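Visitor:
Numbering (our numbering), first residue to last: 1 to 53.
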């Protein structure tokens, strides 16, 4: 939730969800940033999701 507020978006997803969404042409997934999430040691790429009209 905090990262969503920071990037001013409704949803952020991980790379696993991004890969799944690539097979569904209804969504555009764009890299937002690479961040270290709470409790993790390595940075994780997070993506924004938008519906393609």
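Where a beta carbon is used, it is the ideal one built from N, C-alpha and C, also for glycine.
Given the structure is predicted, the values throughout are model-derived calculations rather than measurements.
1) What are the boundary residues of the alpha helix (DSSP H) that residue 3 is part of?
2) Starting from the Cα of residue 28, find the closest Cα among 48, 5, 2 and give me that residue.
3) So, helix, strand or coil for residue 41, using DSSP?
4) For residue 30, which residues does DSSP report across the bridge?
5) If I measure Cβ to Cβ from residue 52 and keep anything under 8 Å in the same chain, skipping five residues before and after, which residues do I get?
Guide: Put simply:
1) Run containing residue 3: 2 to 7, per the alpha helix (DSSP H) assignment.
2) That would be 48, whose Cα lies nearest to the Cα of residue 28.
3) Looking at residue 41 - three-state DSSP - the assignment turns out to be coil, as it is neither helix nor strand.
4) 48.
5) Counting only Cβ-Cβ distances below 8 Å, and skipping sequence neighbours, we find 25, 26, 27, 28.
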